[in-house]
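S.K.:
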Amino acid sequence: MIKDLHNMTIKQRLRNSWQSTFGAIVFIVAIVSIFSLIPLFFFHRFYFLDDTQRGAIGQWYEVGKLVMQGQLPIFNVAAQGSGNYLAEGQWSTFSPLVWLISIIVYYSSNFLVFATAFKIVLLNILGVGSFLLARSMAVQKPYAIIYGIVTPFVGFTMFAGASSWVTDLMVSAFFPWFWWALRRFLNKNTGPVLAFVVGYSIITVGYVFGTIMLITVMLGAFIAAIVMKNWHQLRRIVLLGISLAATTIAVYLPGIAISSVTMRNTEGIFNDNFLSPNLSDILFSFSPVGYSEMNSWWTVSGVTYMPFMYMSWLVALLIFVDFKQIKNFIQNHKVLLIQWVTPTILTFMLLFGPANVGPLRFPVRMMAYFGQLVLLLVILLVARLGLKFSKGRMQLFIGLMVLGTYLEIANTPVRTQSILVINLVISIFVAIIAYIGSGHHKVQLKKMTIQLKQPMFVVVVLAIIATGFSVLVQQRTSGRHHDEIQQQHITYIYPDYQMPGTKANILKMAEKFKGNTVILGFDSHVVMGNDWYVTNNDSMNVYTPVGFKKFSDDFRGGDPTRISSENYAKLFNKDKQTQLPLADLLSVDTVAVGNEGDRKVYRNLIKHKNVPAGWQVTSHDQYYVVIQREKINNNVGGVVWSNIPQVTEIKNSNYEVTIKVPAHRDEAKVVFSRTAWPGYHVIGGQAKLAKPLRGYLTQIKIPASQDEQTITLQFEPPLFKASVGLIGFAVALILVWSIGRGIILVKKN
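Last residue of the sequence shown: 787 in the numbering used here, with the numbers rising by one and none dropped.
1. Please state whether DSSP places Thr90 in a helix, a strand or coil.
2. Thinking just about the alpha-carbon of each residue, which of Thr228, Ala200, Ser298 and Gly293 is nearest to the one in Val246?
3. With 16 as the cutoff for other CB atoms within 10 Å, does Ile364 come out buried or exposed?
4. Identify every run of the alpha helix (DSSP H) within the region 345-380, keeping only runs that are complete inside it and at least 4 residues long; order them along the chain.
5. For His702, which beta-bridge partners are listed by DSSP?
6. In terms of residues, what are the limits of the beta strand (DSSP E) holding His270?
7. Which first and last residues belong to the beta strand (DSSP E) in which Ala393 is found?
8. Would you mind reading off the limits of the beta strand (DSSP E) that contains Thr686?
9. Tell me, please, whether the region 626-644 touches the region 653-666 by the rule of three or more beta-carbon pairs shorter than 8 Å.
10. Below 8 Å on the Cβ atoms is my contact criterion, and I expect Leu171 with Trp217 to pass it. Report the Cβ-Cβ distance as a whole number of Å.
11. Apply the 10 Å Cβ neighbour rule to Gln97 and answer buried if 16 or more other Cβ atoms are within range, or exposed otherwise.
12. Compare the Cα-Cα distances from Ala501 to each of Thr189, Ile261 and Thr59 and report the closest residue.
13. Below 8 Å, is the gap between the Cβ of Leu510 and the nearest heavy atom of the ligand NAD?
14. Please confirm whether Gly402 and Met347 have their CB atoms less than 9 Å apart.
15. Which runs of the alpha helix (DSSP H), 4 residues or longer, sit entirely within the region 221-272?
16. Going by DSSP, which residues form a beta bridge with Glu694?
17. Could you tell me the distance, in whole angstroms, from the CA atom of Ile296 to the CA atom of Lys103?
18. I want to see whether chain D comes within less than 9 Å of Ile294, judged by CB atoms only; does it?
19. For the beta strand (DSSP E) containing Arg173, name the first residue and the last one.
20. Contact defined as beta carbons within less than 8 Å: I believe Val678 pairs with Ser711. What is the distance between those atoms, to the nearest angstrom?
21. Who are the Cβ neighbours of Phe194 in its own chain at under 6 Å, not counting the five residues just before and after it?
22. Please give me, in chain order, every unbroken run of the alpha helix (DSSP H) with length at least 4 that falls completely inside the region 397-468.
23. The alpha helix (DSSP H) that contains Ser140, what's its start and end?
24. If we ignore side chains and look at the alpha-carbon of each, how far apart do Trp56 and Ile63 end up?
25. Quickly, what does DSSP pair Ala612 with across the bridge? List them, please.
26. Can you give me the C-alpha to C-alpha distance between Glu522 and Arg453, rounded to a whole angstrom?
27. Measuring alpha carbon to alpha carbon, tell me which of Ser174, Asn311, Thr686 and Lys587 ends up nearest Thr342.
28. In terms of residues, what are the limits of the beta strand (DSSP E) holding Val720?
29. Would you tell me roughly how many angstroms separate the C-alpha atoms of Tyr329 and Thr443, rounded to the nearest one?
30. Which of the three DSSP states, helix, strand or coil, is assigned to Ile670?
31. To the nearest whole angstrom, what separates the beta carbons of Pro755 and Ile112, a pair I think is in contact under 8 Å?
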């Protein structure tokens with residue numbers, strides 16, 4: 039009976055603990071959701087900017103369409119210079135999570151609403167994951183709640199991840215979940231499924247920085263197990279690591295295999311200070327309106343007017359930590375600290391290192407993780423060591439706040455007044471929280487004394503207000519792109535290309551275009567980037583991070599979503615070998631030319647002057663003039679030239695094209711409007727791949743023959759089968775491990 043009562047007590051405690059945790063999670067979700075709505079009051083498209091607008095939405099739409107057709111996103115011949123989805127990685131070929139997201143996008147009618155809702159969900163996932171991670175490290179619930187609330191609003195997370203780089207937001211949101219699942223896997227001896235599923239989801243998103251952070255956390259756990267001589271944990275880490283390593287290789291190996299022909303074939307280490315912050319920026323990372331002195335696309339007088347280096351007001355609380363017991367803390371938390379130090383060191387090195395390290399660029403991207411890690415350390419120290427409020431600490435606090443404020447003002451002196459006011463408010467909040475958190479439960483006023491019955495509740499409330507205030511002052515001037523920077527207190531945001539937020543409006547915008555379309559111009563009043571996937575048109579203007587370098591150098595440029603109108607002449611100049619214009623070699627059917635630059639081409643075309651033979655002007659407005667072939671071919675990937683007559687195209691599909699070649703005396707050459715990605719091979723006759731025309735158009739050569747030949751040019755992504763095998767191995771390893779573990783547990787019981 040006593041045993042039964044004991045078991046009931048344990049069950050009741052577990053139930054109460056779960057209910058308490060669930061309540062805390064609901065509370066965090068409510069607060070984070072409310073604060074996530076603040077940007078929308080100032081700029082309703084805040085979560086639908088730049089890469090989300092011209093990249094992610096169209097990409098997910100295409101993935102959703104392919105998945106619903108029973109296909110994986112592997113290759114698209116019509117996305118010339120792009121289309122190598124498997125090699126790009128971020129098309130998430132092996133990610134069921136992204137498949138699900140993409141199916142939702144495919145059936146969505148309003149992409150603006152979806153992007154907004156999805157990103158708010160991701161911010162909540164980040165907040166809840168941060169809370170669970172802190173709790174796994176024995177942080178008291180009130181402080182863990184504070185950590186869960188402040189982490190989603192790290193400056194880079196909001197102004198880069200949430201507004202534009204959604205894949206960055208996805209992996210940074212799942213980062214604390216993986217760490218929590220890993221700690222649970224190691225400390226509670228649970229099965230590997232949860233840690234693997236979260237880790238697999240991060241890796242297969244294809245955003246390399248998330249994978250790097252996952253590896254560093256695994257490395258930290260590995261080192262900690264060795265230091266503590268915990269061989270049981272070490273074996274488990276190695277087994278889990280093998281499965282995640284196999285997944286990582288599967289995702290990135292195809293991209294590495296073709297890197298020699300892509301724009302990302304970057305070698306060496308160099309620094310151009312582009313999106314590369316300074317170490318001194320940490321001194322004002324407590325301020326929501328601190329702007330870093332670094333180069334970017336929006337640099338004004340050497341300063342980027344985005345709070346990328348903002349962490350949280352919470353950073354300033356570090357000054358009040360009572361470090362008397364720091365030795366005991368280190369001694370008693372070796373494993374935890376090793377797990378924290380390992381990712382933090384690498385994050386710090388990448389964040390404040392050279393701007394380009396091989397293919398890794400834009401160091402400020404590490405701020406999403408560095409912010410999480412620093413705030414985690416602060417909340418750990420506050421929770422485990424406590425706070426100390428004294429005259430000396432206040433003097434140090436004031437001194438550091440003044441120093442940080444001065445550096446802030448030095449970067450943006452025209453904002454002196456607002457910086458002083460905002461930082462003063464932040465300082466007051468931090469000082470009050472430190473005062474109450476250090477054990478002072480009485481507030482003495484002139485004529486009365488206030489007794490705080492629930493001091494931690496007050497601390498949490500003050501923390502929420504401070505966080506909300508920080509978000510508010512950051513967002514109050516968002517979206518005002520046309521204000522004069524030296525006269526207005528602007529917080530810049532990523533570009534809004536004014537793309538329609540609904541599927542219907544995108545399709546309406548695309549009605550004037552037929553067949554394979556090329557947009558020449560930078561104006562936004564046209565279908566842009568990956569939104570072409572939503573339409574019924576093919577276009578080389580779709581976005582890619584790993585485009586075909588020779589094609590980019592020759593015509594398309596570094597950003598395929600915005601090709602210069604100056605390239606119009608090149609499009610209709612004749613190629614030396616084939617004596618055909620590039621437009622024919624690329625199977626282009628429609629060209630839109632922007633009213634920009636010297637406007638000469640635009641003006642001539644709207645007057646129907648200098649229109650190429652076989653083309654006609656079909657429409658024009660104040661932004662673009664559109665010309666189309668008199669006969670739309672819509673045959674990207676097919677035969678565009680041969681040096682012998684009567685080469686007949688039998689079949690042209692995504693992965694292959696079949697032709698019939700008549701008897702010929704001399705060596706024959708055939709060119710296709712297919713980007714010459716590694717992976718093409720020829721079937722039939724003695725035909726072989728030849729050197730690509732212009733360095734990027736697939737060409738074959740056929741020896742002289744007295745017989746008619748049927749030849750097939752076929753594409754198979756390099757190492758695709760190896761990647762599938764590695765994914766299968768990783769999943770099988772976890773399944774076998776889990777089943778074996780289950781059998782052993784059943785036998786024991």
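We treat Cβ as the ideally placed atom computed from N, Cα and C, and that holds for glycine.
M.R.: If we stick to the structure as given:
1. Thr90 falls in the helix class under three-state DSSP.
2. Comparing Cα positions, the closest option is Gly293.
3. Burial call: exposed.
4. Look at the region 345-380 and you find these whole runs of alpha helix (DSSP H), each 4 residues long or longer: 364-370.
5. Answer is Ser743, bridged to His702.
6. Careful: His270 lies outside any beta strand (DSSP E), inside the alpha helix (DSSP H) at Trp269 to Ala295.
7. No beta strand (DSSP E) contains Ala393, which DSSP labels as neither H nor E.
8. That run of the beta strand (DSSP E) goes Thr686 to Asn690.
9. Because the criterion of three Cβ pairs below 8 Å is met, the region 626-644 and the region 653-666 touch.
10. Contact annotation, Leu171 with Trp217: C-beta distance approximately 5 Å; criterion of less than 8 Å satisfied.
11. Counting every other CB atom within 10 Å of its CB across the protein chains shown gives Gln97 a total of 16 or more, marking it as buried.
12. Nearest of Thr189, Ile261 and Thr59 to Ala501, Cα basis: Thr189.
13. The model on display carries no ligand, and the ligand NAD is accordingly not part of it.
14. The displayed chain sequence assigns Val, not Gly, to residue 402. Closer than 9 Å, so yes.
15. Segments of the alpha helix (DSSP H) lying fully in the region 221-272: 231-243 and 246-265.
16. Glu694 is bridged to Gln752.
17. Separation of Ile296 and Lys103 (C-alpha to C-alpha, rounded to the nearest whole angstrom) is 26 Å.
18. Within the model displayed, chain D is absent; a lone protein chain is all it includes.
19. From DSSP, Arg173 is part of no beta strand (DSSP E) but of the alpha helix (DSSP H) over Phe149 to Ser174.
20. Here Val678 really is in contact with Ser711; their C-beta atoms are around 5 Å apart, less than 8 Å.
21. Excluding positions up to five away in sequence, the list reads Phe346, Met405 and Ala406.
22. Here the runs fully enclosed are 405-423 and 429-449.
23. Note, Ser140: alpha helix (DSSP H), Pro134 to Tyr144.
24. Spanning the two alpha carbons is a distance of roughly 10 Å.
25. First, the amino acid is wrong: residue 612 is Lys here, not Ala. Answer is Pro619, bridged to Lys612.
26. Unreliable placement is indicated for Glu522, whose pLDDT of 47 sits below 50; the coordinate value is still reported in the next sentence. Rounded to whole angstroms, Glu522 to Arg453 spans 13 Å at the Cα level.
27. When each option's Cα is compared against that of Thr342, the closest is Asn311.
28. From DSSP, the beta strand (DSSP E) with Val720 extends over Tyr718 to Ile721.
29. Between the alpha carbons of Tyr329 and Thr443 lies a distance of about 11 Å.
30. Of the three classes helix, strand and coil, the one that applies to Ile670 here is coil, per DSSP.
31. Contact flag correct, Cβ pair sits at about 6 Å.
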